[in-house]
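The structure under discussion appears below in the form of C-alpha cells.
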Amino acid sequence: MNKNFVGHKAAPSLLALALLSILSQASAQDATPPPSSENAKKLDTVIVTGTRADNRTESSSLTPIDVVSAQTLKETGTTELTTALARIIPSLTFPRPAAADTADSQRPAQLRGLSPDQVLVLVDGKRWHPGAILLTNGVLGRGSQAVDLNTIPIGAIDHIEVLRDGASAQYGSDAIAGVINIVLKKGAKGGEVDVTGGQYSAGDGRQWQGSANFGIPLSDDKGWLRFTLQDGNQDYTNRSEPNRTRPWEGTTQRYGDPAVKDHNLFLNSQFDLAPNVQLYAFGHYSERNTTSPAFFRNLASSNSVPSIYPNGYLPLEHADSTDRSLVVGIRGKTESGWRWDVSGNYGGNRVSYATENSVNRAFLHDFGYSPTEFHDGILKASQQSFDVDIAKEFSTSWLPNPVTLAFGAEYLRQTYQIDAGDLTSWYTGKSGVSGGAQGFGGYQLTDAGSYSRHDVAEYISLESNLTDRFSASASLRHEDYNDFGSTTSGALAGRFDFTDRFALRGSASTGFRAPSLAQQHYSYTSSLYYGAGNSLHLPAGIYNTGIVPVNSQVGTLLGAQPLEPEKSHNYTLGAVWNPLDPLNLSVDIYQITIDNRITLSSNLATTSPTVRAYLAANGVTNLNYSGIAYFTNAVNTRTRGVDLVTSYLSDFGDAGSLQSTLSYNYNKNKVTDVKANPAILNQLGVNLKRVDRRDQYGLLADTTPRSKLILNEVYNLGHWSFDGTATRYGSFVSYNSTTAALDQTFGAKWIFDFAVNYNLDRWTFTLGGDNIFNTYPDRVIPANDNNGTLPYSVFSPFGFNGAYVYGKVAYRW
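FYI, the numbering for the sequence shown is -28 to -1, 1 to 785, going by mature numbering (1 follows the signal peptide of the UniProt record, and there is no 0).
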C-alpha cells in the first residue's frame, strides 16, 4: 500500500477527530457556568499589528492574526524564540540545516513556506534589521538574507503578534508572507529569574541557559528601565554514522546541531517628559559563537595531509556573530486627540568567520608550512531609519463610529560589507593542488566591498467600523529606493459580523520585497590553478568559480541583469465563529502570487573555448573563470492554503481546568513560470538553468511539508500544570538537482512533547521532554547519504536529534 496515500488521508481524519473532541467538550459544558476569563482576555487583547486604530482587538481583527503570550512561549520548553513559534503556529516552520557551512549559525524562519526574507519582523512596531549571512547552500531559504529572531530573548517579550497577511501597504518591503511583531515587556513592576538545562537521549547536545528580567523605577515613577539578561551554552549533536567505505575508522563525521555559546542583554525604557509625552528607548547587544563541522578528510581523500593529520581531519568552521540595536523616540497625544510618534532606529549584525583544524595545501606546497587556523573574513549588515507616525480618530455625522486616519513617512538607509580574510585563508598558488583553507576558503580581495542605499517612504491609511456590523480599512504606501526605483503598494480589508458570534473577513493587497544589498553585491570566490595539459584542456592559469555580483563585468556579459523588486498579490477570505463563550474557531483561506522572485542561479560553466573567447574579446583578460552563479529574477510562484485555529477552555471547578487548542495549516507552493534564458547564453551555446530541479520543485515548493497540525492541551489543577502537545508534520520531498532517480519522499511524522510544572508560591519547577517517543525522520536513501555519514535529511521540519529531556527552575516576583 502507498504510505504517502495513507498519510494524506489520515490528516483530514485526525483533524476531524480532534475537532469533534473539542466540540464534544463544548456540548458537554453548554449548561455549565462560564469558565475562567483567561481565554476571553486573550481575545480582547488590543493589537497593534496590521492596524493603526487604538482599540482593535484580536477577536475583532479584519485580518488573520495570532497573539502569542509570554506564558505560551515559555510553555513550549525551548530557549529559542523561533523554535517556540514553530511549535505554536502551524504556518511557521523553522528548518535546522546541517553540513551547510555556517548556515546553521543564523537559522531563519519561514511563514507559509515562502522565503525567510519575505516575512517582516518588527519589535514594538519598529523594523528589525536582517542578519549579515546570505544563505547560498542548498538549504531551505537558499538565497535569502533573513532576520535572526533568536537574538531576542524570550524573557524580554510580553507577547507576539503574527499577522498572516500581506502588509507592504502598511510597513513596506518584506511583508509579503506576513508580519511578526514582538511586543516587549514594559514597566518597573515584576521580574523573573530562571535556569534551564537538558540533553538529548543520545547523550549529547547538552544545553543550559540562565535568564533574568526585571524593572527599575525612575524619578518617582515618572519612568522605568527594564533589563533582560540571558546567557546560554549548547553542545553539538552528532547523528552521523561510519563511512561505509572505511568502517574501521568508526564515526569520523559530525552531523547535527552546532555548538553554540550566546550572551544577550536587552533594555527597554520609558520616561514621562510631560503629560501625554513620553521618551522611550530600547535596544540590545548580543554575541553568539557557533562552531559547525565541514566534511571529514580521510587518508584516501585528495585533500588529506598525513604530515599534519596522520589520521585524517575534520575542519571546524566558526561564526562569531555580534548583533546590536538601538531605537530612541518621543511619542505623545495632543489635547485634540492626535497621536504622534517620532523615532530613530539603528540595527546591525557582524559575523566573523574562522576555520580551525584545517590546512591550506597550496600554501603548504609552496612555503613548506601552513597554518591550521584561519581568519576567513567578515560580513556586516546594518540599517538606520527615521520614522514619523501620526494618527487620529475622527467622528463624523454620517458614520456611527469614528474613522481612524493614519499617515507617516520613513527614511531608511541600509549597508552591506564584505571584508577579505587573511591571505593564507584563500591563497591558491600555481602548484595545482587545492588552495584556500580546507572546509571554508576565505573571502578574497576581489570579493571585498562596501555598499549602501536609501529609501524614502510615505503612507496613509483609513479604518473604521462603518456600521455596527461592517468594518473596513484601506492603506496606501509609496517607496522610492535610489538603486532600483519606486513602487506603490495598496491594501483593502473588511469584516462583516452577521451576529455577535459569527463574522466573515477578507482582504486584498499588493506588496513587494526590495532586492537586498547582499543579493545584489555578494561575492564569494574559490580558485584553482590548472597546469599545462590539464584534463579540461584549459590554458595554464588560475581559474575562479563562485558567486559574482549582478553588476560585475563577467556576470553582466553572461546575462546577469539589475535585480528588480519582487511583486506580490495577496488575497484572504475567512470566518470567525464563537458558538459558545469558551469556544472560538477561525478559518482563513489565502492565495499569494509573487512575480520576479529572486533566486540564486545554478552554476554556469564557462570553460568552453567559445565562452573564454567571448569574455576575452569583451575585456575579461585579467581573470579566468571556470564557473559562476548570480542572483536573478528567475521565477513566478503561487501559494495557496488554509489556516484553521480553534480553542476551548473547560472549567471543572475544584477538578481544575483544561485549555485545548487545535491549529492546522495546509499550504501548497508552486513555481508557475521560469523566465527565459538570457539571449547571450543561447548565442554562446551555454545552457544556464536559472532554477534547477532541486529549487523549482523542492526548495521553492515541496521540500516544505504541505500540512502541519498542532494539538495542545494544558491541564491546571491546584499547584500542578500538565502541558502536552502533539504535532503532525506532513510529508515532504527532497529533489535532486539533475535526476528524478535520486528524488526521495519522506513520510509524515507525529512528534509528542510533554511537561509537568509545579508552582509553589513564587517558584515554578518544570520537568519536560520534547519528542518524547524519540521519533526520527525517514532515513536518506543510500545514494544520497554520503556513504552513510549523512543518514537523515537536512530538510526535516523537526530536525533529527531525537528525544530531549530538560528541567527548569523559575522564580517570579
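Don't be surprised by glycine CBs; every beta carbon is placed ideally from N, CA and C.
If I measure Cβ to Cβ from residue i and keep anything under 6 Å in the same chain, skipping five residues before and after, which residues do I get?
i	result
lysine 352	Ala104, Arg322 and Gln389
arginine 59	Thr48
aspartate 757	Pro763
asparagine 590	Leu529
asparagine 240	Leu156, Arg198 and Phe254
isoleucine 302	Leu251 and Val314
tryptophan 398	Gly408, Gly413, Gly414 and Gln416
serine -8	For serine -8, the predicted structure reports a pLDDT of 43, less than 50, and the residue's modelled location is therefore unreliable. A value from the coordinates is still provided. Cβ within range, chain order: n/a, list empty.
tyrosine 318	Leu298 and Gln356
Within the present structure, is the beta-carbon of residue i separated from the nearest heavy atom of the ligand ADP by less than 7 Å?
i	result
arginine 114	No copy of the ligand ADP occurs in the structure displayed, which carries no ligand at all.
Tell me the DSSP secondary structure of residue i in three-state form.
i	result
tyrosine 638	strand
glycine 527	helix
tyrosine 227	coil
residue 874	Nothing can be reported for residue 874, as the shown portion of the chain is limited to -28 through 785.
glutamate 221	helix
residue 789	The structure shown does not extend to residue 789, since the chain spans only -28 to 785, so no value can be given for it.
threonine 35	coil
Hey, would you say residue i sits closer than 8 Å to residue j, going by beta carbons?
i	j	result
arginine 441	phenylalanine 468	yes
threonine 482	glycine 466	no
tyrosine 431	glycine 513	no
aspartate 229	glycine 177	yes
valine 111	isoleucine 37	no
alanine 720	serine 693	no
leucine 185	alanine 141	One point to set straight first is that residue 185 is asparagine, not leucine, in the sequence displayed. Not in contact: asparagine 185 and alanine 141 (Cβ atoms no closer than 8 Å).
proline 372	glycine 531	no
glycine 761	asparagine 215	Looking at the sequence itself, residue 761 is threonine, so the reference to glycine does not match. Closer than 8 Å, so yes.
phenylalanine 335	threonine 396	yes
serine 580	isoleucine 564	no
residue 792	isoleucine 600	This structure cannot settle anything about residue 792, because the visible part of the chain is limited to -28 through 785.
Apart from the five residues on each side of it in sequence, which residues of its chain come closer than 7 Å, Cβ to Cβ, to residue i?
i	result
proline 88	Pro80, Ala81, Gln82, Gly113, Ser116 and Ala118
valine 646	Ala606, Val607, Arg662, Val663 and Gln668
threonine 217	Asn759
tyrosine 778	Gly49, Thr168, Gly169, Gly170 and Gly740
tyrosine 748	Tyr764, Phe772 and Gly774
glycine 284	Thr224, Phe268, Arg269, Asn270, Leu271 and Ser276
alanine 755	Leu714
proline 62	Ser635, Tyr636, Asn637, Lys680, Leu681 and Ile682
Could you give the first and the last residue of the continuous beta strand (DSSP E) run that contains residue i?
i	result
arginine 784	776 to 784
lysine 157	Run containing lysine 157: none; DSSP gives neither H nor E here.
glutamate 685	679 to 689
alanine 363	346 to 366
glutamine 436	For the sequence presented, residue 436 should be read as serine rather than glutamine. Counting along the chain, the beta strand (DSSP E) containing serine 436 begins and ends at 421 to 437.
glutamine 386	375 to 392
lysine 539	538 to 552
Tell me which residues share the same chain as residue i and place their Cβ nearer than 8 Å to its Cβ, disregarding the 5 neighbours each side in the sequence.
i	result
aspartate 26	Val18, Arg311, Ala363, Glu365 and Thr376
isoleucine 744	Phe724, Asp725, Phe726 and Ala775
tyrosine 423	Thr387, Tyr388, Gln389, Leu489, Gln492 and His493
leucine 672	Arg569, Thr571, Val607, Thr609, Asn641, Val643 and Val663
Just how far apart, CA to CA, sit residue i and residue j?
i	j	result
glutamine 179	glycine 309	51 Å
leucine 500	leucine 286	22 Å
aspartate 560	glutamate 30	14 Å
alanine 75	serine 354	19 Å
asparagine 556	leucine 634	10 Å
serine 495	threonine 571	15 Å
threonine 459	asparagine 261	39 Å
glycine 340	phenylalanine 412	21 Å
leucine 245	glycine 478	41 Å
glutamine -4	tyrosine 453	Confidence at glutamine -4 is low in this model, with a pLDDT of 43, below 50, so the placement of that residue should be treated as unreliable; the coordinate-derived value is given next. If I take the Cα positions, the gap works out to 54 Å.
glutamine 202	serine 598	47 Å
aspartate 742	glycine 696	10 Å
phenylalanine 358	lysine 98	10 Å
asparagine 542	valine 428	24 Å
glutamine 181	alanine 70	23 Å
isoleucine 753	leucine 288	27 Å
Starting from residue i, trace the alpha helix (DSSP H) in both directions and tell me its first and last residue.
i	result
asparagine 654	651 to 656
proline 80	Per DSSP, proline 80 belongs to no alpha helix (DSSP H) and is neither H nor E.
proline 581	581 to 589
glutamine 202	Glutamine 202 -> not in any alpha helix (DSSP H); beta strand (DSSP E) instead, spanning 195 to 206.
phenylalanine 335	333 to 339
lysine 661	Run containing lysine 661: none; DSSP gives neither H nor E here.
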